[in-house]
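**Student:**
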Amino acid sequence: MTRRTHPPTSATSSEPTTTTTLPAEAVAGPSTLTDGLPLPKLMVFDLDYTLWPCWCDTHISTPLKPSKDGGLTIRDARGSSWGFYPDVASLLVSLRQADVTIGTASRTETPDVARQMLGMLSVPSTDTKRGMAIDMFDYLEIYPGSKTSHFQRLFKKTGIAYEEMLFFDDESRNRNVETLGVVMQLVRDGVTRQEVDRGVELWRKRNNRMKKKGLLGIPRELRLQIYESLLDEDVNYNVLKRWTGGHGPDGFYATPIRNREAHLTLPWLSLMLSCRATASEMRSFMRDHIGGDAKHITYVMAADLGNGHSDLREITWQRLPCAPSDVEVLVVECGAEADGFVCWGDGGCVSSVVQMPD
1 MTRRTHPPTS ATSSEPTTTT TLPAEAVAGP STLTDGLPLP KLMVFDLDYT
51 LWPCWCDTHI STPLKPSKDG GLTIRDARGS SWGFYPDVAS LLVSLRQADV
101 TIGTASRTET PDVARQMLGM LSVPSTDTKR GMAIDMFDYL EIYPGSKTSH
151 FQRLFKKTGI AYEEMLFFDD ESRNRNVETL GVVMQLVRDG VTRQEVDRGV
201 ELWRKRNNRM KKKGLLGIPR ELRLQIYESL LDEDVNYNVL KRWTGGHGPD
251 GFYATPIRNR EAHLTLPWLS LMLSCRATAS EMRSFMRDHI GGDAKHITYV
301 MAADLGNGHS DLREITWQRL PCAPSDVEVL VVECGAEADG FVCWGDGGCV
351 SSVVQMPD
């Protein structure tokens, strides 16, 4: 059986390469899991030299025994210690938090040993309370044979389309799964958060899922700059200066009434909050800037104006942070109140919104 060679470890090595996974909180999770862009529905991992630095059917001598480190490593009959690569705990926990289904596809000749290792090794995390690794996986396909067989079974069990699957493996020959529509990321020296990011980006590119949506599509640092610029400005001045001639001085404060241009309202700071993913971030930012004794901060989503207001096309759904597909103008009413900071109403800060990409 042809194998890829891994110099650090051999079947006769007296001192095998021992790795220990770090606690999930000690390693930052992949950034692609929280950037707001699409994710594969199923991520599948090979075992040998992907999650741990050995071949189960070559390097491991049974019986296996737990080490005295709480499941971070195990010991085999020769006294050798084995554990996951450092990033594995963080990756598994991060995928769980992102609601991604997790599977494994291994062609090892000793599936019982592989399952035993998964059942004995722990995933250190405050969230999972150092649970066993095997419980982190939704599907286990561990048996000899072509990896295409593993994925065909995964397809039958999950009903997830091949195009929604991402596979991490250390052997290039297993790229044959891509004939099914699966995307494979080749792993070198164990899976890492960087490898997962590269894999997700490859999956997005292959499946044309690269489009970014407004506020979530720009770096967090830039979003914070936008928030800061909004708090520093007069929240009504920019809108009044720009629109009062066309709609009258009272058009920015009245309750929106359909088919009456004199009562149209325009969005301001709350446009930034129309994405649920940014609401918490914005709330924390405001608290930091108004001091720790904030009494009250609220965000209230009001009504949309619907279609038919062609005279307001300069602020259309294309200008919103998260573009709704069924409305032309989204109107949000927002209020925030705390010691030293009071801000209510609609309108305001159009310039910051207009400068954002469509």
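Quick note on numbering: UniProt numbering labels position 250 of the sequence shown as 250, and the sequence is numbered without any gaps. In this text, a Cβ means the ideal position worked out from N, Cα and C, and glycines have one as well.
When DSSP labels each residue in this structure, what does Tyr162 get in the three-state scheme?
**Tutor:** What you label residue 162 is simply residue 162 of the sequence shown in a count that begins at 1. Helix at Tyr162.
**Student:** Out of Gly71, Thr62, Tyr85, Asp197, state which residue places its alpha-carbon closest to the alpha-carbon of Gly79.
**Tutor:** For this step, residue 79 is matched to residue 79 along the sequence shown. Comparing Cα-Cα distances from Gly79 to each of Gly71, Thr62, Tyr85, Asp197, the minimum goes to Thr62.
**Student:** Can you tell me where the beta strand (DSSP E) holding Met184 begins and where it ends?
**Tutor:** Within the sequence shown, residue 184 is the residue found at index 184, counting from 1. Note, Met184: beta strand (DSSP E), 183-186.
**Student:** Taking DSSP as the reference, what is the three-state secondary structure of Met210?
**Tutor:** As a working mapping, residue 210 is identified with position 210 in the sequence shown. Met210 falls in the coil class under three-state DSSP.
**Student:** Ignore the nearest five residues each way along the sequence and tell me which others in Arg175's own chain have a CB closer than 7 Å to its CB.
**Tutor:** Start at 1 with the first residue of the sequence shown, and residue 175 comes out as number 175. Excluding residues within five positions, the ones whose Cβ falls inside 7 Å are Met184.
**Student:** Once the 5 residues before and after Val27 are set aside, which same chain residues still bring their CB inside 6 Å of it?
**Tutor:** Walking along the sequence shown from the start, residue 27 turns up at place 27. In its chain, beyond the 5 residues on either side, Asp87, Ser90 have a beta carbon closer than 6 Å to the beta carbon of Val27.
**Student:** Would a C-beta distance cut-off of 9 Å place Arg153 and Ile134 closer than the cut-off?
**Tutor:** Position 153 of the sequence shown holds residue 153. Position 134 of the sequence shown holds residue 134. Result no, Cβ atoms of Arg153 and Ile134 do not sit closer than 9 Å.
**Student:** Using a 10 Å radius around the Cβ and a threshold of 16 neighbouring Cβ atoms, would you call Thr21 buried or exposed?
**Tutor:** By 1-based counting over the sequence shown, the position of residue 21 is 21. The residue in question, Thr21, is buried, as its Cβ has 16 or more Cβ neighbours within 10 Å.
**Student:** Taking all protein chains shown into account, decide if Gly145 is buried (16 or more other Cβ within 10 angstroms of its Cβ) or exposed.
**Tutor:** As a first step, residue 145 must be located in the sequence shown, where it is residue number 145. Flag for Gly145 reads exposed.
**Student:** Of the residues Arg188, Gly71, Lys41, which one's Cα is nearest the Cα of Arg209?
**Tutor:** Sequence index remark: in the sequence shown, residue 209 carries index 209 (1-based). If we check each option's Cα against that of Arg209, Lys41 comes out closest.
**Student:** In chain order, what residues of the same chain lie with their CB nearer than 6 Å to the CB of Leu33, ignoring the 5 residues before and after it?
**Tutor:** Within the sequence shown, residue 33 is the residue found at index 33, counting from 1. Here Leu33 has Ser94, Ala98 as same chain residues with Cβ atoms under 6 Å from its own Cβ, once five neighbours each way along the sequence are excluded.
**Student:** Find out if the Cβ-Cβ distance for the pair Thr104, Asp46 is shorter than 9 Å.
**Tutor:** Residue numbering aside, residue 104 sits at position 104 when the sequence shown is read from its first letter. Residue numbering aside, residue 46 sits at position 46 when the sequence shown is read from its first letter. For Thr104 and Asp46, yes; Cβs fall inside 9 Å.
**Student:** In angstroms, rounded to a whole number, what distance separates the CA positions of Ser172 and Ala77?
**Tutor:** Residue 172 sits at position 172 when you count from the first residue of the sequence shown. Residue 77 sits at position 77 when you count from the first residue of the sequence shown. Whole-angstrom Cα-Cα distance: 31 Å.
**Student:** Within its chain, find whatever has a CB closer than 6 Å to the CB of Lys147; leave out the 5 residues flanking it on each side and keep chain order.
**Tutor:** Taking the sequence shown and counting its residues from 1, the one referred to as residue 147 is at position 147. Excluding sequence neighbours, Lys147 sits near Ala105, Asn174, Val177.
**Student:** Express the C-alpha separation of Thr179 and Glu195 in angstroms, rounding to a whole number.
**Tutor:** As a first step, residue 195 is located in the sequence shown; it is residue number 195 there, counting from the start. As a first step, residue 179 is located in the sequence shown; it is residue number 179 there, counting from the start. Going from the Cα of Glu195 to the Cα of Thr179 covers about 22 Å.
**Student:** When you compare each of Leu92, Val44, Gly71, Ser81 to Pro53 by their alpha carbons, which one comes out closest?
**Tutor:** Reading the sequence shown from its first residue, position 53 is the one you call residue 53. Cα-wise, what sits closest to Pro53 is Ser81.
**Student:** Per DSSP, what kind of secondary structure is Thr101 in: helix, strand or coil?
**Tutor:** On the sequence shown, residue 101 is found 101 positions in, with the first residue counted as 1. Strand, per DSSP.
**Student:** Helix, strand or coil: how does DSSP classify Tyr253 here?
**Tutor:** Within the sequence shown, the letter at position 253 stands for residue 253. Because Tyr253 sits at a pLDDT of 34, beneath the cut-off of 50, its placement in the model cannot be relied upon, and the following sentence gives the value as read from the coordinates. Three-state DSSP puts Tyr253 in coil, outside helix and strand.
**Student:** Is Met132 closer than 9 Å to Arg96 when the C-beta atoms are compared?
**Tutor:** On the sequence shown, position 96 is the one that residue 96 refers to. On the sequence shown, position 132 is the one that residue 132 refers to. Contact flag unset, no.
**Student:** Look at the alpha carbon of Gly119 and the alpha carbon of Arg107, and state the distance between them as a whole number of angstroms.
**Tutor:** Taking the first residue of the sequence shown as 1, we reach residue 119 at position 119. Taking the first residue of the sequence shown as 1, we reach residue 107 at position 107. Whole-angstrom Cα-Cα distance: 18 Å.
**Student:** My guess is that Thr58 and Ser67 are in contact by the Cβ rule of under 8 Å, so how many angstroms apart are they, rounded?
**Tutor:** Along the sequence shown, one-based indexing puts residue 58 at 58. Along the sequence shown, one-based indexing puts residue 67 at 67. Contact flag wrong, Cβ pair sits at about 21 Å.
**Student:** Between the C-alpha atoms of Met43 and Tyr49, what's the straight-line distance to the nearest angstrom?
**Tutor:** As a working mapping, residue 43 is identified with position 43 in the sequence shown. As a working mapping, residue 49 is identified with position 49 in the sequence shown. Computed Cα separation, rounded: 17 Å.
**Student:** Taking just the CA atoms, how far does Lys205 sit from Ser31?
**Tutor:** Here residue 31 is taken as the residue at index 31 of the sequence shown, counted from 1. Here residue 205 is taken as the residue at index 205 of the sequence shown, counted from 1. Note on geometry: alpha-carbon atoms of Ser31 and Lys205 lie some 16 Å from one another.
**Student:** Quick check on residue 364: does DSSP put it in helix, strand or coil?
**Tutor:** The question about residue 364 has no answer here: the residues shown for the chain are numbered 1 through 358.
**Student:** At what residues does the alpha helix (DSSP H) containing Thr58 begin and finish?
**Tutor:** Locating residue 58 in the sequence shown gives position 58, counting from the first residue. Here the alpha helix (DSSP H) through Thr58 covers 56-59.
**Student:** So for Val123, helix, strand or coil by DSSP?
**Tutor:** Position 123 of the sequence shown, counted from the first residue, corresponds to residue 123. Val123: strand per DSSP, three-state reduction.
**Student:** For Pro23, which residues from the same chain have a beta carbon less than 7 Å from its beta carbon, with the 5 sequence-adjacent residues on both sides left out?
**Tutor:** Locating residue 23 in the sequence shown gives position 23, counting from the first residue. Excluding residues within five positions, the ones whose Cβ falls inside 7 Å are Ala89, Pro124, Ser125.
**Student:** Let's test the definition: count the other Cβ atoms within 10 Å of the Cβ of Asp112 and tell me whether it reaches 16, buried, or not, exposed.
**Tutor:** For this step, residue 112 is matched to residue 112 along the sequence shown. It is exposed - the Cβ of Asp112 has fewer than 16 other Cβ atoms within 10 Å.
**Student:** Which value, in whole angstroms, describes the spacing of the CA atoms of Arg193 and Gly199?
**Tutor:** Here the question's residue 193 lines up with position 193 in the sequence shown. Here the question's residue 199 lines up with position 199 in the sequence shown. CA-to-CA, the gap between Arg193 and Gly199 works out to about 10 Å.
**Student:** What distance in whole Å lies between the Cβ atoms of Asp169 and His186, which are believed to be in contact at a cut-off of 8 Å?
**Tutor:** Stepping through the sequence shown from its first residue, residue 186 is reached at position 186. Stepping through the sequence shown from its first residue, residue 169 is reached at position 169. Checking the displayed sequence, the identity of residue 186 turns out to be Leu instead of His. Contact holds; Cβ gap of about 7 Å.
**Student:** Measuring CB to CB, does Val191 end up less than 9 Å from Leu166?
**Tutor:** The residue given as residue 191 occupies position 191 in the sequence shown. The residue given as residue 166 occupies position 166 in the sequence shown. No; because the gap between Cβ atoms is not below 9 Å, this pair is not in contact.
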